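Student: Quick mapping for you: the protein sequence lines, in order, are chains A and B.
Under my numbering, the letters of the first sequence match residues 1044 to 1547, in that order.
Under my numbering, the letters of the second sequence match residues 1044 to 1547, in that order.
Note that beta-carbon positions come from the ideal geometry of N, C-alpha and C, so glycine has one too.
Since this is a predicted model, take the numbers as computed values, not measurements.
There are 2 protein chains.
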Amino acid sequence: MSLETTVMRFMSYLDKINMLNGVLATLYFDASTGAPNGAADSRAKRMGFLSSEIFSMQVSDEMKGYLDILGEQQDKLDEVVLAMYRVSKRVYDKKAKTPVELVRRFSELKSKAEVIWRDAKNNNDFNAFAPCLQELVAMNKKLLSYREGDAHPYDMLLDDYEEGLTMQVCDEFFGKLRASIVPLLRRITESGKQNDTGLRGIPVDIAKQREISRMIAQKVGYDLNRGLIRETEHPFCSGAGRDDVRITTHYYENEFLSSFYSIIHECGHAIYEQNKKDEIANTILDRGISAGLHESQSRFYENVLGRSKPFWDYICEELKTYLPEGYSKATPDMFFKTVNEVKPSLIRIYADELTYCLHIMMRYEIEKMMFSDGVDVYDLPRIWNEKMQEYLGLTPPDDARGVLQDVHWSAGLMGYFPTYALGSAYAAQFLAYMRREMDVDALIRKGDFAVITAWLTKHIHSHGSVYTPAKLVGRIAGEQLNADYYIEYLTNKFSAVYGLEAGN
Amino acid sequence: MSLETTVMRFMSYLDKINMLNGVLATLYFDASTGAPNGAADSRAKRMGFLSSEIFSMQVSDEMKGYLDILGEQQDKLDEVVLAMYRVSKRVYDKKAKTPVELVRRFSELKSKAEVIWRDAKNNNDFNAFAPCLQELVAMNKKLLSYREGDAHPYDMLLDDYEEGLTMQVCDEFFGKLRASIVPLLRRITESGKQNDTGLRGIPVDIAKQREISRMIAQKVGYDLNRGLIRETEHPFCSGAGRDDVRITTHYYENEFLSSFYSIIHECGHAIYEQNKKDEIANTILDRGISAGLHESQSRFYENVLGRSKPFWDYICEELKTYLPEGYSKATPDMFFKTVNEVKPSLIRIYADELTYCLHIMMRYEIEKMMFSDGVDVYDLPRIWNEKMQEYLGLTPPDDARGVLQDVHWSAGLMGYFPTYALGSAYAAQFLAYMRREMDVDALIRKGDFAVITAWLTKHIHSHGSVYTPAKLVGRIAGEQLNADYYIEYLTNKFSAVYGLEAGN
C-alpha cells in the first residue's frame, strides 16, 4: 500500500473515532442538562458502549498497523498528519497494554468511590473514605505499571493531563510560588486593609442575569451560532468539534457576580475550542491541547481580562443598565475591589485569584506523597491541616471542609490539580508576551477584545492539538512555563488592589 | 453452536443495534431542541454515520446467519425471542437487497426536495416542485423493486408504516368513511348551527401555560421522572427506550388550547412508550408497534378522553385556577363546544376531529394514483382541488394552501398519511371495547385516568413490538380494524355537539 493510501485510510479511521467522540460529547451534554433521571442506567450503558467502541479502535490491530507504517516515515508526513500520528501514538502507548479487565475494575471502583466519598463528606468521616482512597491509589499504580516506559507513576499521571509535565517542573514552579505568594498573602492580611465589598448580595433577577450572560458572552467573543448557554448545578464547557461548543452556568439571585464570572470563564474555554483553523476542524486535532492550556484560556478571560480595572472601566455603565436600583451608585473601582477581595478560604472553589494557587500547591504536594513516599492515608487529614495553616493561615474545623472537600480523588482524577495552577500561570505569561506587542489595558478599556482574542487565536486557539504544549508555548517567545510572569502579575495586581508597595 | 448460544449472541447483537438506536434518538432530540445551527453539517455527518452503522448491522452476514438458524427453529423460541426474530427478519427483508448507492441517492434527493418544496410553497408555484415529486415517486418505485416478494409498490409502502396494511384494507376503510362522514359533515354545515367559541383568543401567560402543561401531563399519566417537556416549533415525542421518553410543545399566548391539546396528544404517544413490560425494556421490542397504533394512543388521549364532555366536567374548575380573569365565567359546556367546533378547513393540521379523516382520505387516494395509475403529476393541483370541494366543500385559493401544504412527500414519506386516520379509528374502536368493561365516562368525570391507562397498557402499551398490529388488535376482541366504531363515535359525538338527531 502506498503511503498516500495509508494516510487516507488512517485519516478515515480517525474520522470515525472522532465522530464517536462527538456523539459521546453530545450524550454527555444531554445527560448533564436535564435528561430524565429514570433512564440513568440505560444511558450509562449506552455511553459505556460507545466509550468501549472508541477504546477498541484506539488500540486495535488496524491502528497499530497505521502507526507502524507512519512511524517509519514520519519525515514524509505533513504537519497535520504528523500531529494525528503523534496524538494517536500517544493514546495507543498509554492504553494498548492495559488489561481491559483492570480498566473495568477501576471504573467500578470509581463509581463506588464517589458514593463512599460523598457519604464520608456528608458525615465528616474521613476514615470511611480512607480505605477506598488507598485502593484508588493502589489500582492506579497497578494500571500505570502496564504502561510503556519507566517514568515515575506520578509523572505518568501528570503527563496524562499535560503532556510533558513532570514533578521536576512542578517542584520548581510551586517552589517559586511558595516563596513569593505565601509572603505576599501574609503582607495583605497583616496590613489589615479591607476592600469595600458592599456590592455583593444585592439581588438581581434571574431573567436579567440570563440577559447579562448573553450580553457578556457575545462581547468577549463567544459565537452563539456555534454554541449555546444552558443551566446546570456546576458550570462547564463541552464541545463536539469547533462548531458545537456549549457552556453552562448556574444562577444565584443574590450573587450575580458568580454567574457573571462563571460565564466569562466558560467562554474562555469555548473561545479556545471555537477558533481552531479550518484544516483541523472536525478532526481528532479539533480540541484543546491540554488541561493546563485550556485552563489558561478560561483564566485569561475570567481573571486577566475580566477582573482587571480597565474591564470594569469599560463594562460598568453598560452592566448597570441590566442591574436594579441598588447598583446605581456602583463605580468601576467599587466593582474592581469587590471582585478582587483577598480572603483566605478553607474551600478551593471559593478561593480568590491570589490564594487559589496555594490550594492547588498543597494538593500537588499531597498527591506526590501518595504516589512516592508511601504515606499512610490515615495521616492525610493531619498533613492537610498543617499545610492549610502554613500556606493560608487557616485550620479546617472538620475534614468535610478539609481533606474531603474535592470530588477529584474519588473520581480517580490524580495528577489533574496542578493544571489549574499552570493555567493561571500561563495566562499571566501570555499577557506579558501580548504586552510586548500592544497596549492591552487600552484595548480592554475600549472593549476591543477582538484584537486580544486574535492574538490568542494566532498563537494558541487555531492550532488545536497540532503541537505539544511545549512546542506551542515555545513557538510564541522561545521559552517554556515560567512562574516569574505569574508571580509578577499577582504581586503587581494585588499590591495595587491593597495599596501596598509592589517592591517588597 | 447450540440454539441457546445462538439466541444469546443474537440478543447481544440486537442489544448493540438498539443502543445505537437510542443514541440516535438522543442526538435527534438534541438536534431538534436548540443545538447550535453552525454545527448542522457535522451533526448530520455524525448522525448519518450512526445510521449507516445500524443499517450495516441490520443486513450483515452475521445477521443473516442468526436469521437462518432461528428461522428453522421458530417453534423452539419463546415469545420474546420469536418477536425479535420476526422484527429483525422484517427489516432484513426490506433492506438487504437494496443497493446502498441507491439509498444514498434517495437521501440526497430528499434533502434537495425539501428545499425545493419549501420554495415552491412560499412562491405558490407547484410546477417548480412537480419534477422533483415525479423523481421522488420514480426513485421510490425503483427502490421498492429490489424488495423481496411481488406486492404492489404502494402496498409495500403502506406496510412500512403499518405492518400488514394494504390498499384493499384502506379502500374498504375509507370507503365507509366517505359514505358516512361526508354526509354527516354536510348535515352539520347545512344546519347552520354555530358553537359559541368566544373562549378562544383570551391570552394566557406563557409561564402559566408551562405550569398547565406539567399539571395536565401528570394527570393523564405521563411519568416526568422518565421524561421531560421542552419547547420546539413543531411538537413531537421521541424516545430512547421506555425510561427516556421526551415530549415537546409550542406555546402561543393567544391560543392556550393549542399547547394544551398538543401536550395531551404527545402524552398519548409517551404513555404508550413508557408503559412497556419489563421483559422487553431496552430491547429492540421496546417501541410502539406501528405508526397507526401509535397514533391511536395520541388520539385516544387527545380526542376520546381530552375532548370529551366528562373530561371538561372534571378539569374545568381546576384549569381555571391557572387562567386569567377572562375565563372566570367559562363552563365545561363552553369549553366542550369550543374544542369541538366543526369548521372545514383548507389546512390539514388545523382540521377539527370530524373533518380530519377527510383530509387523510384525499391524500390516500392521490398517493394511490401516483403509485398505480401513472397520473401526470402536473394534474395533481386539479385533482386535489376537486377532492377538496367534494369532501370538504372548499376550493383552495392557491396551491400553497392546497396540494403543496404538507412536507411529507418532499421528505419521501409516502404511504404514511393513512396511519393518521387509522389511529383515530383504532382509538374509537378501543373505546368501544373499553366500554364493555367499565363506565368510561364516569371514570373520566372523576379524573380516574389510571384505570383507563391500565386497560390500554394491558392490551397495547405493555407489548411494545412483540406482536404484529393484526395480532395485537385481534387479541383484544377477536376482530380487526373496523371503521364502524369510528363512524359511530363521530356520528354520536358530533350529533350531540350540534344537537342533531343521531339517527339519520
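Consider the Cβ of residue 1143 of chain A: report whether some Cβ of chain B lies at a distance smaller than 8 Å.
Tutor: In the first sequence, counting from the first residue as 1, residue 1143 of chain A sits at position 100. Not an interface residue.
Student: Pull out every residue of the region 1085-1099 of chain A whose Cβ sits closer than 8 Å to any Cβ of chain B, in chain order.
Tutor: Cβ contacts with chain B: 1085, 1086, 1088, 1089, 1092, 1093.
Student: Residues of chain A with CB under 9 Å from residue 1271 of chain B, in chain order?
Tutor: If you number the second sequence from 1, residue 1271 of chain B lands on position 228. By Cβ distance, chain A contributes 1077, 1078, 1079.
Student: Considering residue 1291 of chain B, what are the terminal residues of the beta strand (DSSP E) in which it resides?
Tutor: For the purposes of this step, residue 1291 of chain B is taken as the residue at position 248 of the second sequence. Here the beta strand (DSSP E) through residue 1291 of chain B covers 1288-1292.
Student: How would you list, in chain order, the residues of chain A whose beta-carbon sits under 8 Å from the beta-carbon of residue 1082 of chain B?
Tutor: Here residue 1082 of chain B is taken as the residue at index 39 of the second sequence, counted from 1. Residues of chain A passing the Cβ test: 1269, 1283, 1284, 1286, 1287.
Student: Given a cut-off of 8 Å on the beta-carbon distance, is the pair residue 1398 of chain A and residue 1228 of chain A in contact?
Tutor: By one-based count along the first sequence, residue 1398 of chain A stands at place 355. By one-based count along the first sequence, residue 1228 of chain A stands at place 185. Cβ atoms of residue 1398 of chain A and residue 1228 of chain A: closer than 8 Å.
Student: Using beta carbons (cut-off 8 Å, strictly below), is residue 1065 of chain B in contact with chain A?
Tutor: The residue you call residue 1065 of chain B lines up with position 22 of the second sequence. Answer yes: the Cβ-Cβ gap between residue 1065 of chain B and chain A drops below 8 Å somewhere.
Student: Just list the residues that DSSP pairs residue 1282 of chain A with in beta bridges.
Tutor: Position 239 of the first sequence, counted from the first residue, corresponds to residue 1282 of chain A. Per DSSP, A/1288.
Student: Does residue 1199 of chain B come within less than 8 Å of chain A when only Cβ atoms are used?
Tutor: Taking the second sequence and counting its residues from 1, one reaches residue 1199 of chain B at position 156. Chain A, which has no Cβ nearer than 8 Å to the Cβ of residue 1199 of chain B, makes this no.
Student: What's the call for residue 1193 of chain B, buried or exposed, on a 16-neighbour Cβ count within 10 Å?
Tutor: The residue labelled residue 1193 of chain B in the question sits at position 150 within the second sequence. Counting Cβ neighbours within 10 Å, residue 1193 of chain B comes out exposed, since fewer than 16 surround it.
Student: Which runs of the alpha helix (DSSP H) at least 4 residues long sit entirely within the region 1399-1462 of chain A? Give them in chain order.
Tutor: Qualifying alpha helix (DSSP H) stretches, in chain order: 1399-1415, 1423-1435.
Student: Compare the beta carbon distance of residue 1175 of chain B and residue 1407 of chain B with 8 Å and say whether it is the shorter of the two.
Tutor: Mapped onto the second sequence, residue 1175 of chain B falls at position 132. Mapped onto the second sequence, residue 1407 of chain B falls at position 364. For residue 1175 of chain B and residue 1407 of chain B, no; Cβs fall outside 8 Å.
Student: Closer than 7 Å: is that where the CB of residue 1158 of chain B sits relative to any heavy atom of the ligand SAH?
Tutor: In the structure shown, the ligand SAH is absent, as is every other ligand, since no ligand is present at all.
Student: Output yes if chain A places a C-beta closer than 8 Å to the C-beta of residue 1127 of chain B; else output no.
Tutor: In the second sequence, residue 1127 of chain B corresponds to position 84, counting from 1. No - not a single Cβ of chain A is within 8 Å of the one on residue 1127 of chain B.
Student: Residue 1327 of chain B by DSSP, collapsed to three states: which one?
Tutor: Here residue 1327 of chain B refers to the residue found at position 284 of the second sequence. Three-state result, residue 1327 of chain B: coil.
Student: Establish whether the CB of residue 1069 of chain B and some CB of chain A are separated by less than 8 Å.
Tutor: For this step, residue 1069 of chain B is matched to residue 26 along the second sequence. Yes, because at least one Cβ of chain A sits closer than 8 Å to the Cβ of residue 1069 of chain B.
Student: With a cut-off of 8 Å, does the C-beta of residue 1051 of chain A fall near any C-beta of chain B?
Tutor: Start at 1 with the first residue of the first sequence, and residue 1051 of chain A comes out as number 8. No, residue 1051 of chain A lies away from the interface with chain B (no Cβ there is under 8 Å from its Cβ).
Student: Quick check on residue 1272 of chain A: does DSSP put it in helix, strand or coil?
Tutor: In the first sequence, counting from the first residue as 1, residue 1272 of chain A sits at position 229. Reduced to three states, the DSSP call for residue 1272 of chain A is strand.
Student: Report the option in B/1165, B/1309, B/1085, B/1514 whose CA atom is closest to the CA atom of residue 1281 of chain B.
Tutor: Taking the first residue of the second sequence as position 1, residue 1281 of chain B is located at position 238. When each option's Cα is compared against that of residue 1281 of chain B, the closest is B/1309.
Student: Closer than 8 Å is the cut-off here; do at least three beta carbon pairs connect the region 1114-1125 of chain A with the region 1070-1087 of chain A?
Tutor: Too few Cβ pairs lie closer than 8 Å, so no.
Student: Say whether chain C places a C-beta atom closer than 8 Å to the C-beta of residue 1325 of chain A.
Tutor: The chain labelled as chain C is not found among the protein chains of the depicted structure, namely A and B.
Student: Along the chain, where does the alpha helix (DSSP H) that runs through residue 1306 of chain B open and close?
Tutor: Against the second sequence, residue 1306 of chain B aligns to sequence position 263. Where residue 1306 of chain B is concerned, the enclosing alpha helix (DSSP H) stretches over 1299-1317.
Student: Compare the C-alpha of residue 1431 of chain A against each of A/1203, A/1404, A/1456 and name the closest.
Tutor: What you label residue 1431 of chain A is simply residue 388 of the first sequence in a count that begins at 1. Cα-wise, what sits closest to residue 1431 of chain A is A/1404.
Student: With residue 1387 of chain B as the anchor, note down where its alpha helix (DSSP H) starts and where it stops.
Tutor: The residue labelled residue 1387 of chain B in the question sits at position 344 within the second sequence. That residue, residue 1387 of chain B, is in no alpha helix (DSSP H); it is neither H nor E in DSSP.
Student: I want to know whether the region 1079-1091 of chain B touches the region 1346-1364 of chain B - three or more CB-CB distances under 8 Å.
Tutor: As far as the Cβ criterion goes, the region 1079-1091 of chain B does not touch the region 1346-1364 of chain B, which means the pair count is below three.
Student: Does residue 1364 of chain B pass the burial test, meaning 16 or more other C-beta atoms within 10 Å, or should it be called exposed?
Tutor: Here residue 1364 of chain B refers to the residue found at position 321 of the second sequence. Exposed is the call here.
Student: I'd like to know if residue 1073 of chain B contacts chain A, where contact means its C-beta is closer than 8 Å to some C-beta of that chain.
Tutor: Mapped onto the second sequence, residue 1073 of chain B falls at position 30. Yes, residue 1073 of chain B lies at the interface with chain A (some Cβ there is under 8 Å from its Cβ).
Student: Going by beta-carbon coordinates alone, are residue 1259 of chain B and residue 1307 of chain B separated by less than 8 Å?
Tutor: Against the second sequence, residue 1259 of chain B aligns to sequence position 216. Against the second sequence, residue 1307 of chain B aligns to sequence position 264. Going by C-beta atoms, residue 1259 of chain B is nearer than 8 Å to residue 1307 of chain B.
Student: Please identify the residue among B/1355, B/1524, B/1508 whose C-alpha is closest to the C-alpha of residue 1487 of chain B.
Tutor: Locating residue 1487 of chain B in the second sequence gives position 444, where the first residue counts as 1. Considering only alpha carbons, the answer is B/1355.
Student: Within the continuous alpha helix (DSSP H) that includes residue 1150 of chain A, where are the two ends?
Tutor: Here residue 1150 of chain A corresponds to residue number 107 of the first sequence, with the count starting at 1. Here the alpha helix (DSSP H) through residue 1150 of chain A covers 1143-1165.
Student: Going by beta carbon distance, what residues of the same chain come within less than 6 Å of residue 1532 of chain A, once the five residues before and after it are set aside?
Tutor: Position 489 of the first sequence, counted from the start, is the residue given in the question as residue 1532 of chain A. Within the same chain, residue 1532 of chain A has close Cβ partners 1471.
Student: Thinking just about the alpha-carbon of each residue, which of A/1480, A/1423, A/1340, A/1110 is nearest to the one in residue 1505 of chain A?
Tutor: The residue labelled residue 1505 of chain A in the question sits at position 462 within the first sequence. It is A/1340.
Student: State the DSSP-derived secondary structure class of residue 1045 of chain B, mapped to helix, strand or coil.
Tutor: The residue given as residue 1045 of chain B occupies position 2 in the second sequence. Residue state, collapsed to three classes: coil.
Student: Just the C-alpha distance for residue 1139 of chain A and residue 1150 of chain A, rounded to the nearest angstrom, thanks.
Tutor: The residue given as residue 1139 of chain A occupies position 96 in the first sequence. The residue given as residue 1150 of chain A occupies position 107 in the first sequence. Approximately 17 Å between the Cα atoms of the pair.
Student: Listing by chain order, which chain B residues have their CB less than 9 Å from the CB of residue 1062 of chain A?
Tutor: Your numbering for residue 1062 of chain A matches position 19 in the first sequence. The answer, in chain order, is 1085, 1088, 1089, 1092, 1093.
Student: In three-state DSSP terms, what is residue 1238 of chain A?
Tutor: Translated into positions along the first sequence, residue 1238 of chain A becomes position 195. Coil at residue 1238 of chain A, not helix or strand.
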